Amino acid sequence: MNSDLISHLLIQAEKLCQQRSLRLTPQRVEVLRLIAEQKRAIGAYELLDLLQLKDPHAKPPTIYRALNFWLEQGFIHKIESINSYIMCHHIEHSCHTSALFVCDQCGQVEEHHVIGIENILHTLANNSHFKLKHSVIETHGICIACQHIQQA
Ligand SMILES: [Zn+2]
Ligand SMILES: [Zn+2]
Numbered sequence: 000m001n002s003d004l005i006s007h008l009l010i011q012a013e014k015l016c017q018q019r020s021l022r023l024t025p026q027r028v029e030v031l032r033l034i035a036e037q038k039r040a041i042g043a044y045e046l047l048d049l050l051q052l053k054d055p056h057a058k059p060p061t062i063y064r065a066l067n068f069w070l071e072q073g074f075i076h077k078i079e080s081i082n083s084y085i086m087c088h089h090i091e092h093s094c095h096t097s098a099l100f101v102c103d104q105c106g107q108v109e110e111h112h113v114i115g116i117e118n119i120l121h122t123l124a125n126n127s128h129f130k131l132k133h134s135v136i137e138t139h140g141i142c143i144a145c146q147h148i149q150q151a
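Structural data, given as structure tokens:
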């Protein structure tokens, strides 16, 4: 993500937190910024290493509290299969279904907002009286850049 996009997303996140009357601690903001700066998904311990460069007293619970906070707000997504986190690109939609395309070669993750699947899930959830909050669809494959490397 380029720095303009990162600051845009951080400002948006701050605004949404104000609207939802949520308390933003400097550590939470820093964790979100670190996730946004990554080119690919990042694990909790990698994040802790980065956070400790600024705040040597940061401990695993610091990271997990921040991660849970942002996950709950839908600002980041957890990719269960690789146990890592990425910034959400559609934070203005608090309830959305995203398809995450995970490249098995370089680890890059692309998020796509999928309306069709979302409608199907909402119908299914309504039918079972299930209150849907958010869903993530993880797909694995090989990104276009890695496909070109393979062909070369
Ligand atoms: Zn998203
Ligand atoms: Zn790739």
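Numbering-wise (numbering that gives the first Met the number 0), the sequence shown opens with residue 0 and increments by one. Idealized CB from N, CA, C, for every residue including glycine. On a predicted model such as this, the values are computed, not experimentally measured, just so you know.
Any non-hydrogen atom of ligand 1 closer than 6 Å to residue i Cβ
| i | result |
| --- | --- |
| serine 97 | yes |
| histidine 205 | Past the boundaries of the shown model lies residue 205; the chain is included only from 0 to 151, so the question cannot be answered. |
Simplified DSSP state of residue i, which is helix, strand or coil
| i | result |
| --- | --- |
| glutamate 117 | helix |
| leucine 52 | helix |
| histidine 76 | strand |
| alanine 98 | strand |
| glutamate 91 | coil |
| histidine 147 | helix |
| isoleucine 85 | strand |
| isoleucine 141 | coil |
Checklist line | alpha helix (DSSP H) segments (min. 4 residues) lying fully within the segment 0-48 | finding: 2-18, 25-36
Item checked: Shell residues, 7 Å Cβ cut-off relative to heavy atoms of ligand 2 -> Cys102, Gln104, Cys105, Gln107, Ile141, Cys142, Ala144, Cys145
Next item on the list: Spell out a yes or no on whether the segment 129-144 and the segment 111-120 are touching, meaning 3 or more CB-CB pairs, one atom from each, closer than 8 Å.
Entry: yes
Check: Is the segment 118-133 close to the segment 94-104, with three or more CB pairs under 8 Å?
Finding: yes
Note to self: Under 8 Å, with one C-beta from each stretch per pair, do the segment 118-129 and the segment 65-79 reach the 3-pair mark?
What the structure shows: no
Item checked: Cβ contact check for the segment 54-65 and the segment 18-37: 3 or more pairs under 8 Å -> yes
Checklist line | Touching by the beta-carbon criterion (3+ pairs, under 8 Å), the segment 47-61 and the segment 103-112 | finding: no
Notebook entry, point to check: Looking at C-beta atoms only, is the number of pairs between the segment 36-50 and the segment 77-84 that lie closer than 8 Å three or more?
Noted result: yes
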